[in-house]
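Following: one structure in structure tokens, then a few remarks.
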Amino acid sequence: MNPTPFSLRCQFACTVGMVLALLGDLATGVAAEAAPTTPVTVSVQTDQPGAEVSPLMWGIFFEDINYNGDGGLYPERVKNRSFEFTEPLMGWQQISRGGAVGTLSVLDHDPLNANNPHYLRLAVGKAGDGFGLSNDGFFGMGVEKGARFTFSVEARVPQGGPVNLAVDLVSPSGQRLAGDTVHVSGGEWTRYAKTLRANTTEPKARLNVYLVGTGAVDLDMVSLFPANTWKHHANGLRPDLVQLLADLKPGFMRFPGGCIVEGRDLDKRYQWKTTIGPLAERKLIINRWNDEFKHRPAPDYFQSFGLGFFEYFQLCEDLGAEPLPILNCGMACQFNTGELVPLDQLDPFIQDALDLIEFANGPASSPWGARRAAMGHPQPFGMKLLGVGNEQWGPQYLERYAAFAKALKTKHPEIRLVSSAGPSPADERFNFLWPKLRELKADIVDEHCYDRPAWFLDNAFRYDAYPRTGPKVFMGEYAAQSDKTVSVLNRNNLECALAEAAYLTGLERNADVVTMSSYAPLMGHEEGWQWRPNLIWFDNLHAYGTPSYYVQQLFSRNRGDVVLPTRVANAPKAANDQPRFYASSVRDQKTEEVILKVVNATEQAVEADLNLAGAHKVKSTAQTTVLTSAQLADENSLAEPRKVSPVNTRIKVGGASFHHTFPARSLTVLRVATSE
Ligand code: AHR
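So that you can map any letter, position 54 of the sequence shown is 47 in our numbering, and since no number is skipped, the others follow by simple counting.
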């Protein structure tokens, strides 16, 4: 199959359209103006419902990039808590008070366990007022006044008598925000814990641990973990970030990536089995984004796997989102080494997939189901989707996908598999893979696209030309790039968000072909990002959604159930003769509302005649939600988190045909009730 995306694209939205005016062109910034001579009309065939909109249509894609996991969603405040970073004291500073003298040594004799082979020995010869170590946190440690934290540590006294540890949470200037003393005795590893309550809000606190007096102590898994987690789960997630995800009402969550699945080489690939079970036994690895971009180095970026596969499944359950894990298929990242597992050695990789299905869905009496139950979740997670490889391409991928599919479909025909169409939505890799995946009867094909806003505007009709049978499309990674892919200049502005919204109308209109979609990446730490744009930004205390976030939210929260045929006539066009005014609509069967989404990507307000053909009992007023702003370059920020955000109003409708003005640079969602 070659989708020939451009040839048939005017099926609905511009069949009647003539070039009426060169209104402002979002893609080029051209603002040539001419008054329209024929009115723009939007016609919705409310009595001809089409395809069902999949409940999975609008989802989220999570990858531990930009400090989204450690340092973000996973709220452990201590960086390198297990002393397993390549430089084992990275993130820690030696500290001394009142002339105390001692040593910090990283040892590996008789460790906590084999997966966590290093620990710290803190020895003090001259007491002073305390000698020890201080943790940097992730760009500091965010603490809020009154917030409770559990300080915990695995400790033992190697020789000699018991020791006291003074534990202090301090501001950058040394002001004490909370503190306590831990009494350590005995030569066996033992977990000690204390509750600390911060007396001040501070975005960049530090954790100081002093041995008071003389002696020695071994320390590992030094942790400062907030009590306030999402749903108060132990080892739970940062609530303000999860709230932003929950507010999207995602139909699915894809995890754990992204390129992180693949690894730069196979040794560094994501292996789900090392991410479950007791925290101290999860095997830390370097994060592949640590050194991916020389211009955005992140030498302290590792994966502790405190956020592992159990936590991902639990998050999906909390969000009411279908879990979509993606597994390595025996290929390292093809942008890096492209290392391959020989086909005759692929079995352990396929077995990992089979075991994952048992971990997620098997009874608590099964070996992997028992592991899930031991983590506190005896009930299955009900996984129905599984991705084979991330962004792979070439015949090597097809061979490996086929081997996975054969084994998985034999044992688990109930699991729908997601396969890769490569990193671009329209290149030779894509054109090679799609027909082959069709021959292989793939279930769902994952397309990726990072391109300029103009690409999204010009490709809003791409799926009109796709075959209506065969594999479904998962628009699995996309984001409009205001500059270019991986450029540090990319911005999350209104222009990008509207281009994405225009594109999403095309996904919605083609819900018989497109079954899932997700923006990528999901989040970025303001001080630690490697990649932009991102859907959500955060620092140690605050978070906000971008204009793109609100586009996602408006589509997801107005998903409806069935597509209604929608046609735009006389749409304003850009200089390249492509429309810059887009519409799609769905019906909510329960509320009997027509939900119309309109994107005006021009710099002028557009007056349109709307016709809800076949609707007999139209309520006199309707709810509109509008996302717009004064400039295409407008963005949200920590200082102005809702500068570009949706505004609700009610408008007069008065019948099945009415007139409405769509503001310049806007996405409008109209919910029109069509029953009494
Ligand atoms: O979203 C960032 C990266 O882009 C993903 O890890 C990868 O799949 C794609 O190339």
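Note that CB positions come from ideal geometry on N, CA and C, so glycine has one too.
- Where V561 is concerned, the enclosing beta strand (DSSP E) starts and stops at T559 to A562.
- Set against 7 Å, the gap from the CB of G52 to the closest heavy atom of the ligand AHR is not smaller.
- In the DSSP assignment, R149 is bridged to D211.
- When DSSP states are grouped into helix, strand and coil, L336 belongs to the helix group.
- With contacts defined as CB atoms closer than 8 Å, E56 and G180 fail to qualify as a contacting pair.
- The closest heavy atom of the ligand AHR lies less than 7 Å from the beta carbon of H441.
- Taking a cut-off of 8 Å for Cβ pairs, the segment 298 to 305 and the segment 324 to 340 do not touch, as fewer than three such pairs fall below it.
- Under DSSP, no beta-bridge partner is assigned to K287.
- If you look at C489, you'll find it isn't in any beta strand (DSSP E); it sits in the alpha helix (DSSP H) that goes L487 to R502.
- Runs of the beta strand (DSSP E) lying entirely within the segment 302 to 350 and spanning at least 3 residues, in chain order: 315 to 320.
- The three-state reading of DSSP puts R199 in strand, counting E and B together.
- Three or more Cβ pairs drawn from the segment 189 to 207 and the segment 161 to 171 lie within less than 8 Å of each other, which places the two stretches in contact.
- In terms of Cβ geometry, P316 and A353 form a close pair [threshold 8 Å].
- Between F76 and M83, the alpha-carbon positions lie close to 8 Å from each other.
- Residue range F245 to F248 is occupied by the beta strand (DSSP E) that includes F245, with no alpha helix (DSSP H) assigned at that position.
- Between the C-alpha atoms of K224 and P32 there is a straight-line separation of about 52 Å.
- Rounded to whole angstroms, the gap between the alpha carbons of V381 and N593 is 38 Å.
- Contact between the segment 272 to 284 and the segment 100 to 120 is established, with three or more Cβ pairs separated by less than 8 Å.
- Within a 10 Å sphere around the beta-carbon of Q152 sit fewer than 16 other beta-carbons, which makes this residue exposed.
- If you draw a 10 Å sphere on the C-beta of G647, you find fewer than 16 other C-beta atoms in it, and that means exposed.
- Taken through DSSP and simplified to helix, strand or coil, N354 comes out as helix.
- Between the segment 634 to 651 and the segment 561 to 578 there are fewer than three inter-stretch CB-CB distances shorter than 8 Å, so the stretches are not counted as touching.
- Distance from the CA of I279 to the CA of E600, rounded to the nearest whole angstrom, comes to 54 Å.
- Taking a C-beta distance under 8 Å as the contact criterion, G369 and G362 do not qualify as a contact pair.
- Scanning its chain for C-beta atoms nearer than 8 Å, with the 5 sequence neighbours on each side dropped, one finds around A606 the residues S36, V37, Q38, T39, D40 and A649, in chain order.
- Within the DSSP bridge table, the entry for C442 names Y471 as partners.
- Under the criterion of beta carbons closer than 8 Å, V579 and R552 qualify as touching, at roughly 7 Å.
- Closest option to N533, judged by alpha-carbon separation, among P290, I253, K197 and H653: K197.
- The alpha-carbon separation between S47 and T403 amounts to approximately 26 Å.
- By the neighbour-count criterion, in which 16 or more other beta carbons inside 10 Å mark a residue as buried, N641 falls on the exposed side.
- Residue side-chain check: W524 places its Cβ nearer than 7 Å to a non-hydrogen atom of the ligand AHR.
- The shortest CA-to-CA distance from G375 to any of L126, L200 and E351 is the one to E351.
- Counting along the chain, the unbroken beta strand (DSSP E) around N157 starts and ends at V156 to V163.
- Counting every other CB atom within 10 Å of its CB across the protein chains shown gives L631 a total below 16, marking it as exposed.
- DSSP places Q87 in the uninterrupted beta strand (DSSP E) bounded by W85 to R90.
- DSSP places Q38 in the strand class (E or B) of the three-state scheme.
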